[in-house]
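Working notes, structure below.
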Ligand code: NI
């Protein structure tokens, strides 16, 4: 990270960029390195524990994450073209998202996953994750397929949230 690192705009639901299937990254060039630095900075500034490139308006298959976003313990993870290979058992976690304002809900996901992808230098990476890291990776990789955590809750809960959001957005405009 350097003085050019900048905080990016985080797009929020119902912006259509969040519904796009992000494209595979073919070349890990300087533009991608800058995007990675900016996304990490944006994630820490938010603050959040994960961010997918479509959330900052870049539909590329790239996620960043850090379960210890406090300054002393920071250790940002980067995954390019991530894929979930295996998942087992279920865990229910209360999820929220920087792109879904003012809402959280319990979501059921795999409790353990194996994920593969590439790091920012293009080296292949395999991650075995459980609990919060497993949930975080599934949530972020979902983003790359245009899926939000609210797509995993009941349609009743989702429509109640949509209604409340509509009201919130209307009040903001007044
Ligand atoms: Ni999210």
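In our numbering, the protein residues as written are 409 to 582.
Using N, Cα and C, we set each Cβ at its ideal position, and we do this for glycine too.
Note that this is a predicted model, so its numbers are computed, not measured.
Using a threshold of 8 Å, is the CB atom of residue i nearer than that to any non-hydrogen atom of the ligand NI?
| i | result |
| --- | --- |
| residue 460 | yes |
| residue 543 | no |
| residue 560 | no |
| residue 667 | In the structure as shown, the chain begins at 409 and stops at 582. Residue 667 is therefore absent and cannot be evaluated. |
| residue 515 | no |
| residue 557 | yes |
| residue 583 | No answer is possible for residue 583: it lies beyond the span of the chain, which begins at 409 and ends at 582. |
| residue 468 | no |
| residue 453 | no |
Which residue marks the beginning of the alpha helix (DSSP H) containing residue i, and which one marks its end?
| i | result |
| --- | --- |
| residue 445 | 438 to 453 |
| residue 539 | 539 to 552 |
| residue 573 | 563 to 581 |
In terms of DSSP beta bridges, what is residue i paired with?
| i | result |
| --- | --- |
| residue 508 | 505 |
| residue 476 | Note: residue 476 sits in no beta bridge, so no partner. |
| residue 492 | 523 |
What residue from the options has the CA that sits closest to residue i's CA?
| i | options | result |
| --- | --- | --- |
| residue 431 | 523, 518, 539, 466 | 466 |
| residue 442 | 580, 490, 472, 547 | 472 |
| residue 397 | 550, 513, 448, 482 | Lying before the first or after the last residue shown, residue 397 is absent from the chain, which here runs from 409 to 582. |
| residue 423 | 463, 548, 491 | 463 |
| residue 415 | 546, 525, 446, 559 | 446 |
| residue 515 | 492, 552, 539 | 539 |
| residue 511 | 571, 532, 428, 544 | 571 |
| residue 506 | 498, 461, 495 | 461 |
| residue 410 | 449, 434, 566, 427 | 449 |
| residue 440 | 532, 486, 454 | 486 |
At the 9 Å Cβ level, is residue i part of the contact set with chain E, yes or no?
| i | result |
| --- | --- |
| residue 549 | Among the protein chains of the structure shown there is no chain E, as only one such chain exists. |
For the beta strand (DSSP E) that contains residue i, what are its first and last residues?
| i | result |
| --- | --- |
| residue 470 | 470 to 473 |
| residue 460 | 458 to 460 |
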